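To convert, count from 1 in the sequence shown and add 19; that's our numbering.
Yeah, the Cβ is synthetic: ideal placement off N, Cα and C, and Gly gets one too.
Note that the structure is predicted; figures quoted are calculated from it, not measured.
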Amino acid sequence: MGAAVRTSDGSIRPGAVVENVSLGLAMCAERIALFASIAADDARPTAVALVAPRTDGVLTYPCGACLQVALELGGPEMIVFAGDADGDAVESATVGELLPKGPKKN
Ligand SMILES: [Zn+2]
Numbered sequence: 020m021g022a023a024v025r026t027s028d029g030s031i032r033p034g035a036v037v038e039n040v041s042l043g044l045a046m047c048a049e050r051i052a053l054f055a056s057i058a059a060d061d062a063r064p065t066a067v068a069l070v071a072p073r074t075d076g077v078l079t080y081p082c083g084a085c086l087q088v089a090l091e092l093g094g095p096e097m098i099v100f101a102g103d104a105d106g107d108a109v110e111s112a113t114v115g116e117l118l119p120k121g122p123k124k125n
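This is how it looks when you write it as structure tokens:
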């Protein structure tokens with residue numbers, strides 16, 4: 020799986036899933052890309068794209084943890100693109116649509 024984040028200033032930060040023998044220590048490609056953007060002191064993330072094998076025949080979207088991070092860093096209008104590894108299909112939705120009742124910062 021691979022991901023990339025685009026920011027409001029046009030920066031693009033890539034991410035790749037990092038697996039670990041201890042599953043709890045693995046990290047999704049989307050969060051790696053989001054955190055790389057923060058580490059680089061980029062502007063606000065505006066979109067995240069995930070390219071991954073399909074799950075049960077449908078495009079794979081970011082997990083709940085990644086959506087929560089995206090909500091906090093980019094807000095509910097941040098666009099999420101999901102594409103398959105063949106490049107045959109791409110769908111999009113906002114973080115707010117995918118995580119409509121996600122936790123908000125106070
Ligand atoms: Zn995730």
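Straight-line Cα distance separating residue j from residue i
i    : j    : result
D103 : V77  : 9 Å
A52  : V109 : 19 Å
E116 : P95  : 8 Å
P54  : V36  : The amino acid occupying residue 54 in the given sequence is Phe; Pro does not appear at that position. Approximately 13 Å, taken between the alpha carbons.
D60  : P72  : 30 Å
Where residue i falls: helix, strand or coil (DSSP)
i    : result
S111 : strand
A59  : coil
A104 : coil
L69  : strand
G21  : strand
Distance CB(residue i)-CB(residue j) smaller than 8 Å
i    : j   : result
L118 : L92 : no
Below-8 Å beta-carbon distance, residue i vs any chain B residue
i   : result
V40 : No chain B appears in the structure shown, which is made up of a single protein chain.
Opening and closing residue of the alpha helix (DSSP H) in which residue i lies
i   : result
G93 : 83–93
Notebook entry, point to check: At what residue ranges does the stretch 31–59 contain a whole run of the beta strand (DSSP E), taking only runs of 3 or more?
Noted result: Counting only runs of 3 or more, we get 31–35.
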